[in-house]
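Number of protein chains: 2
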Amino acid sequence: MTASLQDLARLVRYYILISTTEAGTGHPTSSLSAVDLTTALFFKYLKADLDRPEHPNNDRVIFSKGHAAPLLYALYGAAGVLTESELKSLRKLGSPLQGHPTPQFRYAEAATGSLGQGLSIGVGMALNGKNLDQLPYRTYVLLGDGEMAEGSVWEAAQIASYYKLDNLIAIVDVNRLGQSQETMYGHDTEAYSKRLAAFGWDVVTIDGHSLPEIEKAFEQCFAVNGRPKVIVAKTLKGAGVSFLADKAGWHGKALSAADLEKALKELGPVDTKLKGSVQKPEDKKPATTAPVDVPPPAYKKGDAVATRKAYGMALARLIDKYPNLVSIDAETKNSTFAEILMEKKKDHYFEMFIAEQNMIGVGVGFARRGKVPFASTFAAFLTRAYDQIRMAAVSEANLKCVGSHVGVSIGEDGPSQMGLEDIAMFRAVHGSTVLYPSDAVSTEYLVEELIKTSGIGYLRTSRPATPVLYDVGEKFPVGGSKVLRSSAKDRLTLVAAGVTLHESLKAADQLSKDGLAVRVIDCYSVKPIDAATLRKAAEETKLMMVVEDHWEEGGLGDAVLSALAEKPVASVVKVAVRIMPGSGKPEELVEQAGLSAAALIRKIKEILK
Amino acid sequence: MTASLQDLARLVRYYILISTTEAGTGHPTSSLSAVDLTTALFFKYLKADLDRPEHPNNDRVIFSKGHAAPLLYALYGAAGVLTESELKSLRKLGSPLQGHPTPQFRYAEAATGSLGQGLSIGVGMALNGKNLDQLPYRTYVLLGDGEMAEGSVWEAAQIASYYKLDNLIAIVDVNRLGQSQETMYGHDTEAYSKRLAAFGWDVVTIDGHSLPEIEKAFEQCFAVNGRPKVIVAKTLKGAGVSFLADKAGWHGKALSAADLEKALKELGPVDTKLKGSVQKPEDKKPATTAPVDVPPPAYKKGDAVATRKAYGMALARLIDKYPNLVSIDAETKNSTFAEILMEKKKDHYFEMFIAEQNMIGVGVGFARRGKVPFASTFAAFLTRAYDQIRMAAVSEANLKCVGSHVGVSIGEDGPSQMGLEDIAMFRAVHGSTVLYPSDAVSTEYLVEELIKTSGIGYLRTSRPATPVLYDVGEKFPVGGSKVLRSSAKDRLTLVAAGVTLHESLKAADQLSKDGLAVRVIDCYSVKPIDAATLRKAAEETKLMMVVEDHWEEGGLGDAVLSALAEKPVASVVKVAVRIMPGSGKPEELVEQAGLSAAALIRKIKEILK
């Protein structure tokens, strides 16, 4: 006999309550409000092979309200794939059942818990299903009412309707109560419904505790084509337990043993032998393209090519070899040169418009479905999505970010458009790879290195055209560097990348004519950094100058210092941007910031005199 | 005779065209689309004393579409306060007329240019006018259609309607064309109007080149009470010049000399002697409260008090001395303890709900109107607003950010809630002050230091209760530190702050019993850092260990290295979080990350053996 949804919902509530009380911490009430909605979803509509969470045909379920993790785990408990004792490991050291979902839990599609990010991830997964894999899976996203205040939700909402994602179904759990007070709209579900309708969604507004209404709502969602769908559900936080339901003061609090006993009594007997069954999905193969070899990049030494342009060239060249590449951009594709990929392979480019947070979330969605997304915009504007990038690392997403227009060398547009903190930002992302090419050849190879290196990757590209420095045969491994000027008589080492490398080379060549030997290192791999080469140079020259078009904090200078920290053998001078730049010609601003060859020569002569 | 709006609009167009062509760069077409809208605003409705841009009764005008800076400058040119030759300094080195508005231009209310931020700043200014200064000034915000894709705009929109800001008037310049392609909705003004109406705004939809429609729209706005108002205007990018108007391919391009000649011919003769007059505002005094002395903080050494709680206590204590203090929080006030201020002085607390980007923008608005806003949430979630924080520095805003729940020591909630990159992020903000107290007394004094230190300030607070270390009489100047353990025999210096300071003290005391002397420095001022004290310790002990509950990049460790860089005399070991933490008890996670006293003792013994 099939278990009834009512019985399963009661079991799910039981698991939520016992696991949070066992943990002594967690969010039982925020979980309880969505029990009926998700129990109906899981055990009547969801199609997923629970033995194969990675199955490409599985429907995807994202808990954007990540603090409802006890509910997520409880649902899998009710489905029979987690035991009661496993559920009771909630929030304990080493348990995959963390306070908020992470990939440590095998059924979590992504890490959530920083609110307002799940819908973007869902958009990425839905876009992947519809446009890339061409599979009929659906993507479900559970949102809390509180997180609807996050702008990123509305960025995702607009893109979902722009791309007509009718395979995306959102559920908004309007339980009225936030962390410290009532939400902006309380139980006024209409406030959400009319906003979502205005954003192009098909909306069903229901009582989120009425199973007949819930079932009708899902069925209405399945009947609509051409638009994303949302179920806006009025619920009670803590629903199912009278002394919790719709009561303030219970956010993020586990019940005491005594309260638990009271709650369980009220819940009535549950059958822990009960097992809800989840439908299996179809077994359709995703659409794929076979990889083919591609020619090496073609540039001549000395040609002037901006690294941002080489980035676009690289994507377009490499997509045949790596058919899982996807390019997304925040309406800057003619500046970042993502447009070169778009022009070559339109169906692997997705315009994300001026909404960087959602762009990164969509990238996480693609990455978690096996694609290699490159998300590009001005480096300055990637700061907009730092929370999403940080969370992408928790999601273990294989996401590549590309920031163009870095530093004062962009010129006239002024400080709002200058990426001056991007290295600091990406260095402090767990497990990140931070690469900063100085010419077209290294850019091309470093793009491929990023594809081959899993995790969060960052490529820093520059606006100005700079001369090609390397032969096409050169290798650029992650963690490497290139010593471009070197002699036994070097009295100082210049460490640089991007425009400052070119200034450093000019300075070294001029100083060499004046009889002063200076080593120059192209430090294209900022993280991991080539500690061995830097140490050797430090030991041999005893004096280093790290030159970067970035604020003085957290950038290449700090990375070099960090590499030398435990055995410091050289004095290290950081040359970086220290005053707020304005508008001006690139060369004027580079000079003003003390990053020009002339400025470096003056500084070196002063130090060495 | 008063100049007609038509003649003034023609003059404004002339200034836009000649200034951008003179610069050889810039955004003439994005400026031209909004000429008629803003000319009517400036010369018929705006109330501002142009001799006193700081006048508290002036209406505020914010160009959220900052790339329309040439229009902003041209309007002031037409108002007679900028000469043609000054206008021609656009985008030149040292000119206050930068590519995007910054406070270098005396009439700019804030820096813009990173899109989608202006409405939040406007919300801050409107809230200030209505609720704090209680002045009748209006705040006008010009937005582009492209930037309506930014979620932060919708965060601002919902808060404006929540606070019934009927002194706020937005103008959306729907010119259809973005940077690289058409916007999501092209000329479908209804798409914007219905969304804004759903978000609670009073909407007028018009032809943005019809002066009668524009005038009617403003007058309709003034007639509505209790809601923010928006004029959604269909315009042509490049309007007024036939070969530019509504044509793709002209984004961000100045006209050549030949094209300029053609354009000016078409524009017809302009009278550069024409001067538009702007109405003067009333002369009402802002509501103020006289400052009164407050008692010092009251804690006893050894009491267990979380620094986050001391932060709330400090705000509540100091508001009488600094009546310009304002507290804003992203629905975490019972965690950050901003609620202590709210409970004491409700009208100086503004709930910003779960929308961090808008919270920071609102803070910039308050700051630019002379308030000292403290914006608080979990440190992890401040990453959400990094772009706004970066831009706040360009705005020269006196904004204070407070991030609670830092590091692994928060425990069970897991990595999504742990601030592990906040120091890296805030160090790399221009002119920032980064403070990291370890006990309640220093927290209280550091809050006051932040009030007294202009610019972007950051206070890092912790979740766990920790013992009070200092007497209430102690001083904590910015740029200082405290040497808490010291002897002539010290063989190593531990540098720490927050929970790791307490672990370091325990480690040093234990090691001291074992006969091993270790110095301990409370490095409460991360930026600026106390280089002299660190250098002395480095020279005397030759070995330092920097211990921080933060990723290893960009944090306290890098700050210490940077302070010692030019004369490295000690080996510096960074002890920081290196693996992705999960859930667990705070003490388990601190131990797992190698930050516990026991772990430090093991590491120190190993190094010194």
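Those protein sequence lines, which keep their order, are chains A and B. With the first letter of the first sequence counted as 1, position 92 gets the number 92 in my numbering; the numbers rise by one all the way through. With the first letter of the second sequence counted as 1, position 438 gets the number 438 in my numbering; the numbers rise by one all the way through. C-beta atoms are modelled at their ideal positions from N, C-alpha and C, and glycine is treated no differently.
* To do: Answer with yes or no whether the minimum CB distance from P528 of chain B to chain D is below 8 Å.
  => Of the protein chains in the structure, A and B, none is chain D.
* Residues bridged to F426 of chain A (per DSSP) -> In the first sequence, counting from the first residue as 1, residue 426 of chain A sits at position 426. None; F426 of chain A has no bridge partner.
* Rounded to whole angstroms, what's the CA-CA distance from A393 of chain B to A78 of chain B? Just pull it up for me. => Position 393 of the second sequence, counted from the start, is the residue given in the question as residue 393 of chain B. Position 78 of the second sequence, counted from the start, is the residue given in the question as residue 78 of chain B. Going from the Cα of A393 of chain B to the Cα of A78 of chain B covers about 30 Å.
* To do: Starting from H550 of chain A, trace the beta strand (DSSP E) both ways and give me its first and last residue.
  => Your numbering for residue 550 of chain A matches position 550 in the first sequence. Secondary structure note for H550 of chain A: its beta strand (DSSP E) is the uninterrupted segment 543-551.
* Asked: Among A:V362, A:A397, A:A424, which residue has its Cα nearest to the Cα of A379 of chain A?
  -> Sequence index remark: in the first sequence, residue 379 of chain A carries index 379 (1-based). Nearest option by C-alpha distance: A:A424.
* To do: Verify the CB distance criterion: does Y524 of chain B have a CB-CB separation below 8 Å to chain A?
  => As a first step, residue 524 of chain B must be located in the second sequence, where it is residue number 524. Chain A, which has no Cβ nearer than 8 Å to the Cβ of Y524 of chain B, makes this no.
* Report yes if the C-beta distance between V408 of chain B and M418 of chain B is below 8 Å; otherwise report no. => Residue 408 of chain B sits at position 408 when you count from the first residue of the second sequence. Residue 418 of chain B sits at position 418 when you count from the first residue of the second sequence. The criterion of a C-beta distance shorter than 8 Å is satisfied by V408 of chain B and M418 of chain B.
* Give the secondary structure of V447 of chain B by DSSP, where H, G and I count as helix, E and B as strand, and everything else as coil. => Here the question's residue 447 of chain B lines up with position 447 in the second sequence. Three-state DSSP puts V447 of chain B in a helix.
* Buried/exposed call for S487 of chain A, threshold 16 Cβ in 10 Å -> Position 487 of the first sequence, counted from the first residue, corresponds to residue 487 of chain A. By the Cβ neighbour-count rule, S487 of chain A is exposed, with fewer than 16 other Cβ atoms within 10 Å of its own.
* Within the same chain, show all residues whose beta-carbon is closer than 6 Å to that of H27 of chain B, passing over the 5 residues directly before and after it, in chain order. => In the second sequence, the residue the question calls residue 27 of chain B occupies position 27. So the qualifying residues of the chain are H67, G252.
* **Backbone CA spacing between E421 of chain B and G370 of chain A [nearest angstrom]** => Along the second sequence, one-based indexing puts residue 421 of chain B at 421. Along the first sequence, one-based indexing puts residue 370 of chain A at 370. Roughly 27 Å separates the two Cα atoms.
* Asked: Nearest to L600 of chain B by alpha carbon, out of B:V560, B:I579, B:L492?
  -> Residue numbering aside, residue 600 of chain B sits at position 600 when the second sequence is read from its first letter. That would be B:L492, whose Cα lies nearest to the Cα of L600 of chain B.
* Asked: With 8 Å set as the bound, which would you pick, yes or no: does the beta-carbon of K536 of chain B sit closer than that to a beta-carbon of chain A?
  -> Counting from 1 along the second sequence, the entry for residue 536 of chain B is found at position 536. Contact with chain A is absent for K536 of chain B, since none of that chain's Cβ atoms lies less than 8 Å from the residue's Cβ.
* State the start and end residues of the unbroken beta strand (DSSP E) segment that holds F374 of chain B. => For the purposes of this step, residue 374 of chain B is identified with residue 374 of the second sequence, where counting begins at 1. Unbroken beta strand (DSSP E) run through F374 of chain B: 372-378.
* What residue does the alpha helix (DSSP H) around L484 of chain A start on, and which one ends it? -> Locating residue 484 of chain A in the first sequence gives position 484, counting from the first residue. Not the alpha helix (DSSP H): L484 of chain A falls in the beta strand (DSSP E), residues 482-485.
* Residue from A:P568, A:L75, A:K265, A:C221 with nearest C-alpha to A9 of chain A -> As a first step, residue 9 of chain A must be located in the first sequence, where it is residue number 9. Cα-wise, what sits closest to A9 of chain A is A:L75.
* Asked: Excluding the five sequence neighbours on either side, which residues of its own chain have a C-beta within less than 6 Å of the C-beta of D303 of chain A, listed in chain order?
  -> For this step, residue 303 of chain A is matched to residue 303 along the first sequence. For D303 of chain A, the CB contacts under 6 Å within the same chain, skipping 5 residues up- and downstream, are V468 in chain order.
* Asked: Fully enclosed by the stretch 378-439 of chain A, which alpha helix (DSSP H) runs are 4 residues long or longer?
  -> Runs found: 379-382, 386-394, 422-427.
* Enumerated in chain order, which unbroken segments of the alpha helix (DSSP H) with a length of 4 residues or greater are wholly contained in the stretch 62-113 of chain A? -> Complete alpha helix (DSSP H) runs here, min 4: 69-78, 84-87.
* **Straight-line Cα distance separating I18 of chain A from G80 of chain A** => For the purposes of this step, residue 80 of chain A is identified with residue 80 of the first sequence, where counting begins at 1. For the purposes of this step, residue 18 of chain A is identified with residue 18 of the first sequence, where counting begins at 1. Inter-residue distance for G80 of chain A and I18 of chain A is about 16 Å (C-alpha atoms, whole angstroms).
* Listed in chain order, which residues of the stretch 58-73 of chain B have Cβ atoms closer than 7 Å to some Cβ of chain A? -> Considering only beta carbons, the part of the stretch 58-73 of chain B lying closer than 7 Å to chain A consists of G66, in chain order.
* T332 of chain A: contacting residues in chain B (beta-carbon distance under 9 Å) -> Looking up residue 332 of chain A in the first sequence gives position 332. Within 9 Å Cβ-Cβ: Q179, S180.
* Asked: Using a beta-carbon distance below 8 Å, is A112 of chain B in contact with chain A?
  -> Your numbering for residue 112 of chain B matches position 112 in the second sequence. With the sequence shown as reference, residue 112 of chain B is identified as Thr, and Ala is not the correct amino acid for it. Closer than 8 Å to some Cβ of chain A, the Cβ of T112 of chain B qualifies, so yes.
* To do: Evaluate the contact criterion for the stretch 37-51 of chain A versus the stretch 109-117 of chain A: three or more CB pairs, one atom per stretch, below 8 Å.
  => Cβ pair count under 8 Å is below three, so no.
* To do: Report yes or no: is there a C-beta of chain B within less than 8 Å of the C-beta of L115 of chain A?
  => Mapped onto the first sequence, residue 115 of chain A falls at position 115. Output row for L115 of chain A: interface = yes.
* In the DSSP assignment, find the unbroken alpha helix (DSSP H) run with V499 of chain B in it and report its ends. => Locating residue 499 of chain B in the second sequence gives position 499, where the first residue counts as 1. V499 of chain B -> alpha helix (DSSP H) spans 499-513.
* Asked: Under 8 Å, do S438 of chain B and G479 of chain B count as touching if we go by C-beta distance?
  -> The count along the second sequence starts at 1 and reaches residue 438 of chain B at position 438. The count along the second sequence starts at 1 and reaches residue 479 of chain B at position 479. Their beta carbons are not under 8 Å apart, which means S438 of chain B does not touch G479 of chain B by this criterion.
* Which value, in whole angstroms, describes the spacing of the CA atoms of V406 of chain A and N175 of chain B? -> Stepping through the first sequence from its first residue, residue 406 of chain A is reached at position 406. Stepping through the second sequence from its first residue, residue 175 of chain B is reached at position 175. CA-to-CA, the gap between V406 of chain A and N175 of chain B works out to about 28 Å.
* List the residues of chain B that I354 of chain A touches, going by C-beta distances under 8 Å, in chain order. => The residue given as residue 354 of chain A occupies position 354 in the first sequence. Under the 8 Å cutoff, chain B gives L115, G116, G146, E147, A149, E150, G178.
* Asked: Do the stretch 204-216 of chain B and the stretch 152-165 of chain B touch if we need at least three Cβ pairs shorter than 8 Å?
  -> No, the stretch 204-216 of chain B does not touch the stretch 152-165 of chain B.
* **Residue environment, R390 of chain A, which counts as buried when at least 16 other CB atoms sit within 10 Å** => By 1-based counting over the first sequence, the position of residue 390 of chain A is 390. Classification for R390 of chain A: buried.
* Under 9 Å between beta-carbons, which chain A residues line up against V573 of chain B? List them in chain order, please. => Translated into the one-based positions of the second sequence, residue 573 of chain B becomes position 573. Within chain A, the residues near V573 of chain B are A565, E566.
* Within-8 Å CB hit, M580 of chain A to chain B -> Sequence index remark: in the first sequence, residue 580 of chain A carries index 580 (1-based). So, interface residue.
* Asked: At which residues does the alpha helix (DSSP H) containing P586 of chain A begin and terminate?
  -> For the purposes of this step, residue 586 of chain A is identified with residue 586 of the first sequence, where counting begins at 1. Segment 586-592, the alpha helix (DSSP H) holding P586 of chain A.
* So, is the C-beta of D202 of chain A closer than 8 Å to a C-beta in chain B? -> For the purposes of this step, residue 202 of chain A is taken as residue 202 along the first sequence, with counting starting at 1. Taking 8 Å as the CB threshold, D202 of chain A stays off the interface with chain B.
* Asked: Could you give the uninterrupted runs of the beta strand (DSSP E) lying entirely in the stretch 136-222 of chain A, keeping only those of 3 residues or more?
  -> DSSP runs (the beta strand (DSSP E)) wholly in the stretch 136-222 of chain A: 139-144, 168-174, 202-207.
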